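**Q**
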DNA sequence: TCCATTTTTTATCATTTGTAAAATTCCGTC
DNA sequence: GACGGAATTTTACAAATGATAAAAAATGGA
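Chains as they are written, first to last, in my numbering: chain A, 16 to 202; chain B, 16 to 202.
1) For residue 177(B) versus residue 184(B), is the C-beta distance shorter than 8 Å?
2) Would the segment 131-145 of chain B and the segment 84-104 of chain A be scored as touching if the rule is three or more Cβ pairs under 8 Å?
3) If you scan the segment 108-141 of chain B from start to end, which runs of the beta strand (DSSP E) of 3 or more residues do you find wholly inside it?
4) For the segment 37-48 of chain A against the segment 84-95 of chain A, are there 3 or more C-beta pairs whose distance is under 8 Å?
5) On a Cα-Cα basis, can you pick out the residue from 175(A), 20(A) and 114(A) that is closest to residue 43(A)?
6) Using alpha carbons as the reference points, say which of 70(A), 133(A), 104(A) and 126(A) lies closest to residue 187(A).
7) Run through the DSSP bridge pairs and tell me what residue 52(A) is partnered with.
8) At a Cβ threshold of 8 Å, is residue 26(A) touching chain B?
9) Return helix, strand or coil for residue 164(A), following the three-state DSSP convention.
10) Considering Cα atoms alone, identify which of 121(A), 89(A), 130(A) and 150(A) is closest to residue 32(A).
11) Exposed or buried, which one is residue 163(B) when buried takes at least 16 other CB atoms within 10 Å?
12) Pick from 60(A), 80(A) and 143(A): whose alpha carbon is nearest that of residue 102(A)?
13) Please classify residue 134(A) as buried or exposed, where buried requires at least 16 other C-beta atoms within 10 Å of its C-beta.
14) In chain B, which residues lie with their C-beta within 9 Å of the C-beta of residue 155(A)?
15) Buried or exposed: which applies to residue 86(A), given that a residue is buried once 16 or more other Cβ atoms fall within 10 Å of its Cβ?
16) Kindly indicate which three-state DSSP category residue 93(A) falls into: helix, strand or coil?
17) Does DSSP classify residue 198(B) as helix, strand or coil?
18) Who are the near neighbours of residue 24(A) in its chain, counting only those whose CB is closer than 7 Å to its CB and skipping five residues on each side?
19) Would you mind telling me which residues of chain A sit closer than 8 Å to residue 143(B), beta carbon to beta carbon, in chain order?
20) Are residue 62(B) and residue 117(B) close, meaning C-beta to C-beta below 8 Å?
21) So what's residue 193(A) in DSSP terms, helix, strand or just coil?
22) Mind reading off the beta-carbon distance from residue 105(A) to residue 160(A)? Whole number of angstroms is fine, and I expect it under 8 Å.
23) Flag this pair as yes or no: are the beta carbons of residue 109(B) and residue 49(B) separated by less than 8 Å?
24) Do residue 180(A) and residue 194(A) have their C-beta atoms within less than 8 Å of each other?
25) Within 8 Å (strictly less), CB to CB, does residue 63(A) reach chain B?
26) Looking only at C-alpha atoms, which of 77(A), 67(A), 119(A) and 156(A) sits nearest to residue 112(A)?
27) What residues are listed by DSSP as bridge partners for residue 63(A)?
28) Any idea what DSSP makes of residue 26(A), helix, strand or coil?
29) For the alpha helix (DSSP H) containing residue 74(B), list its first residue and its last residue.
30) Per DSSP, which residues does residue 78(B) bridge with? Please list them.
31) Using a Cβ-Cβ cutoff of less than 7 Å, which residues in the same chain neighbour residue 52(A) once the five nearest sequence positions on both sides are dropped?
32) Can you check whether the C-beta of residue 197(B) is within less than 8 Å of a C-beta belonging to chain A?
33) What do you get for residue 56(B), buried or exposed, if any count of 16 or more other CB atoms within 10 angstroms of its CB means buried?
34) Please identify, using Cβ separations under 8 Å, the residues of the segment 100-111 of chain B that lie next to chain A, in order along the chain.
35) Taking 8 Å as the cut-off, decide whether the C-beta atoms of residue 82(B) and residue 156(A) are in contact.
36) Examine chain A for any beta-carbon lying closer than 8 Å to the beta-carbon of residue 149(B), and answer yes or no.
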């Protein structure tokens, strides 16, 4: 997916604003397995996924918990780093070779103060992430593990092709074993 | 909490912008038990809580699930209505007599387009809500019910004084009975 | 204060999910 | 195509949570 399309999907910008934003964006590529962000570091960039698929996970006592999976068109940002400037909780690992668009947050924040269109673009970016995050929180509260898996199966079937089940299970908030059980029952 | 303080906590505004925003805000009061928002309606206002405590809950097959509890200084908004203009999933019920500050979203969106400071204020509003929501999603994924209750006990002890346990249990994602069990064990 | 109602607790049993370990399948490399 | 390591599935058992019902306690109004 092109960077212009990704930008436009958030909030269409007039030409001048789009160019101002693009001036700070560069294309970067990393191989499968690369760890893009580390929880212990304050992250100074956000990324848009042009091609590939990635996961965000947090570590607690040796355990890895995947809590987000993103693909083409999605935005990679350590919410906490981005919003508060503090360390975030997540590592980000690339699950495929990826083409990313990198945007320095310091430059972005400067643009927020100078360009009202970019400021509103930043607002929509946060708002859409917010709705998506809230949807997942609610799904977690309302649906059983089986229902959540069924939902994934219908709404994001490509994930099952592209992401190993261990990560999917973690993302659904259950163990690999539970997921296997669910899959066995459904068949 | 005063409306000026609430506004400032999101993002400090220059005098002119603050006045422009305040022009669209009015104080309203409702009694305990009042249902402020209904899931089936598209909500055209957001509210800031000056005094009181409220809960957001969704209904599924007769069951009510409380998924948010807010108090003085918090913002009441149906994320989905606010962001996408579609119906949200939540009812909002006042758990105490409340003083609220009401802000019409249509006026607010107009200001977003006219005033860069307000646009950035709106950005920060969404960003802070995003971080809070993400924190809850992650807590849900990492912590057991007992740990989540312990956390509530240390970080938001006032909720236990002001909100009945049935709602707290629902908020924690467990049944009333489970919460009772946890409380009995901890003592 | 007393009564009716709501909320919380307790107890029991059923179900779901987790843990651990073994068996199987998958996949890349030689 | 065979080998080795990783991922997945299966199995058995344990722990956590849910459902239901009933008792106890707290609440609120007349």
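Don't be surprised by glycine CBs; every beta carbon is placed ideally from N, CA and C.
Small disclaimer: the values here were computed from a predicted structure and weren't measured.
**A** This is what the structure gives:
1) no
2) yes
3) 113-119
4) no
5) 114(A)
6) 70(A)
7) 107(A)
8) no
9) helix
10) 130(A)
11) buried
12) 60(A)
13) buried
14) 152, 155, 156 and 188
15) buried
16) coil
17) helix
18) 88
19) 98
20) yes
21) helix
22) Residue 105(A) to residue 160(A), Cβ: 22 Å. No contact.
23) yes
24) yes
25) no
26) 67(A)
27) 90(A) and 116(A)
28) coil
29) Premise fails: residue 74(B) lies in the beta strand (DSSP E), 68-75, not in any alpha helix (DSSP H).
30) 75(B)
31) 58, 93, 105, 106 and 107
32) no
33) exposed
34) 104
35) yes
36) yes
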